[in-house]
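Protein chains: 2
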Amino acid sequence: MFVADSRTLPDRAIVLFSGGLDSTTLLAMAKADGYEVFALSFDYGQRHNAELSAARSIAGASGVVEHRTIGIVLWCIGVSALTDESIDVPEAPTSGIPVTYVPARNTVFLSLAMGWAEVIEASAIYIGVNAIDYSGYPDCRPAFIDAFRALSSVATKAGVEGNPIRIEAPLLHMTKADIVTRGAELGVDYAATVSCYQATPDGRACGRCDACRLRAEGFSAAGMPDPTRYA
Amino acid sequence: MFVADSRTLPDRAIVLFSGGLDSTTLLAMAKADGYEVFALSFDYGQRHNAELSAARSIAGASGVVEHRTIGIVLWCIGVSALTDESIDVPEAPTSGIPVTYVPARNTVFLSLAMGWAEVIEASAIYIGVNAIDYSGYPDCRPAFIDAFRALSSVATKAGVEGNPIRIEAPLLHMTKADIVTRGAELGVDYAATVSCYQATPDGRACGRCDACRLRAEGFSAAGMPDPTRYA
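If you read the protein sequences in the order shown, they are chains U and L. Here our numbering is used: position 227 in the first sequence is 227, and no number is missing along the way. Here our numbering is used: position 199 in the second sequence is 1199, and no number is missing along the way.
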């Protein structure tokens, strides 16, 4: 693994990377911002392990310096339709906090990324949260990102020394159409990405769940052909 | 494991519990505050696994509802004298951030505790940070606890619903003498606790490291006999 040395440039960034549409665009944006990218995925028992397979192959093709996956114990982040096969993934929009909410997920992801960032002296962490399409999740809102930025400025050695690790959330206010338009400009191959909550093992999408619906609407609104591989 | 049900009382609390002097006192304080206690330990490759053994036996004797240990991948929280045998544990006070600092440790611990707290509907998390004896760690300061409290109020379903999980840090401004005095009032058996950074496998202390020195000074200042088992 890479450890801190006396580098000058370029700066390093950790990208929270699931292999889905949003985080694959995010990774391309971090590279376009000039960073050496270290991709970080999480295996938390999500049903769609097709997503993690996609993450591995996309990371390999994207020229990241390193791609690592952390396994998260399941009991600790609890029951959710994303991890518990006894709960149905909703196929229509819901109000309130969706059943696909995973307790404290983004807090746990950012915390572990912050640890790795300190180790490799990364100056930024990119997270692909989006407040428009997923506003039902507490930890996808601007208030959450602001609170984690405040935490970052006091929680780490870098923060105490006046250089807190920056929490970058460039997708926060972008529509799905904005995201795929920006990704297309940056050359993202969306056929390789998996967004579906219940994708087949080889990565084909159901075309019916919330994630599929939002993704298809994004391509449509952007006036782009939908390259998704459907089951 | 225990999951949320329609309980009324008592409230549940998660106690971050290492089996050391501070967190064993903390656990007794949470029980004295009337909570059903769920103890949470972390295995992050720390040298002193005697501490985790002590945690298991103390938790068993303390009437906690459940005691769980989460393994944390080592590369992610990096190199520290607590986890890397090639770095010497300092045996004299140091200035600045000590080499025993583990990147983002308390942020990671609190985040995972927050996930479990949401799952079991715990209303509080107790953390045994102390700003007096360990002020060199960024994530043991009042500013860190305040920032995590602010995060807790926006990061979770409970927070959004107006009942954020409380982050209790009752040791924050207590001296080691205060802590052992309070623990003794609550009946804590300090002979069973392990604080030493380089304890023997059966839990005997070196008597020379920072943790041993602070602990011994605490008993001395409190006018109590030191029950520590030294090597």
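Backbone N, C-alpha and C define an ideal beta-carbon position, used for all residues, glycine too.
Subject >> R56/U to Y1230/L span [Cα, whole Å] >> reply: 49 Å
**OP:** Check the Cβ-Cβ distances between D202/U and every residue of chain L, and say whether any is below 9 Å.
**Re:** no
Subject >> Segment limits, alpha helix (DSSP H) that includes I217/U >> reply: Reading the sequence as shown, one finds Glu at residue 217/U and not Ile. D210 to A222 is the span of the alpha helix (DSSP H), which, as asked, contains E217/U.
**OP:** Would you decide whether V1186/L is buried or exposed? Buried here means 16 or more other CB atoms lie within 10 Å of its CB.
**Re:** Position check: residue 1186/L holds Leu in this sequence, whereas Val was assumed. Classification for L1186/L: exposed.
Original post:
Does DSSP classify S1041/L as helix, strand or coil?
Top reply: Here S1041/L sits in strand by DSSP.
Subject >> Span of the alpha helix (DSSP H) around L1171/L >> reply: Careful: L1171/L lies outside any alpha helix (DSSP H) and carries neither H nor E.
Original post:
With DSSP run on the structure shown, which of helix, strand or coil describes G71/U?
Top reply: strand
Subject >> Three-state class that DSSP yields for A13/U in the structure shown >> reply: strand
Original post:
Would you call the CB atoms of A1169/L and G1136/L closer than 9 Å?
Top reply: no
Original post:
List, in order along the chain, the chain L residues whose C-beta lies closer than 8 Å to that of L151/U?
Top reply: T1107, F1144, A1147, F1148, A1150 and L1151
**OP:** Any chance you could list the alpha helix (DSSP H) runs of at least 4 consecutive residues sitting entirely within the stretch 1131 to 1198 of chain L, in chain order?
**Re:** As summarised for the stretch 1131 to 1198 of chain L, the continuous alpha helix (DSSP H) elements at least 4 residues long and confined to that stretch are 1142 to 1155, 1157 to 1160 and 1176 to 1185, given in chain order.
Original post:
Taking the DSSP output, what are the residues bridged to I1127/L?
Top reply: Partner(s): none; I1127/L has no beta bridge.
**OP:** Could you run through the stretch 109 to 122 of chain U and flag, in chain order, every residue whose CB is less than 7 Å away from some CB of chain L?
**Re:** S111, L112, M114, G115, W116, E118 and V119
Original post:
Thinking C-alpha only, which one of D189/U, P201/U, I145/U and A221/U is nearest T175/U?
Top reply: A221/U
Original post:
What residue from F1042/L, G1063/L, Y1044/L and S1018/L has the CA that sits closest to A1032/L's CA?
Top reply: Ranking F1042/L, G1063/L, Y1044/L and S1018/L by Cα distance to A1032/L puts G1063/L first.
Subject >> Test: D1139/L CB closer than 9 Å to a CB of chain U >> reply: At least one beta carbon of chain U lies nearer than 9 Å to the beta carbon of D1139/L.
**OP:** Could you pull out every residue in the same chain whose Cβ sits closer than 8 Å to the Cβ of I1179/L, ignoring the five residues on either side in sequence?
**Re:** L1021, D1022, T1025, N1130, L1171 and G1218
Original post:
Can you tell which of A205/U, P201/U and D189/U has the C-alpha that lies nearest to the C-alpha of S195/U?
Top reply: Shortest Cα-Cα distance from S195/U to any of A205/U, P201/U and D189/U involves A205/U.
Original post:
From G19/U to I125/U, what does the alpha carbon distance come to, in whole angstroms?
Top reply: 16 Å
Original post:
Just checking, does the stretch 103 to 113 of chain U make contact with the stretch 1102 to 1116 of chain L on the three C-beta pairs under 8 Å criterion?
Top reply: yes
**OP:** Would you mind telling me which residues of chain L sit closer than 7 Å to G159/U, beta carbon to beta carbon, in chain order?
**Re:** P1138
Original post:
Roughly how many angstroms lie between the CA atoms of V1015/L and R213/U, to the nearest whole one?
Top reply: 41 Å
Subject >> Helix, strand or coil at A205/U according to DSSP, with G and I counted as helix >> reply: Strand.
Original post:
Beta-carbon of V1154/L versus every beta-carbon of chain U: anything under 9 Å?
Top reply: yes
Subject >> Beta-ladder partner(s) of E1066/L, from DSSP >> reply: Paired residue(s): F1038/L.
Subject >> Where E1161/L falls, given that 16 or more other Cβ within 10 Å makes a residue buried >> reply: exposed
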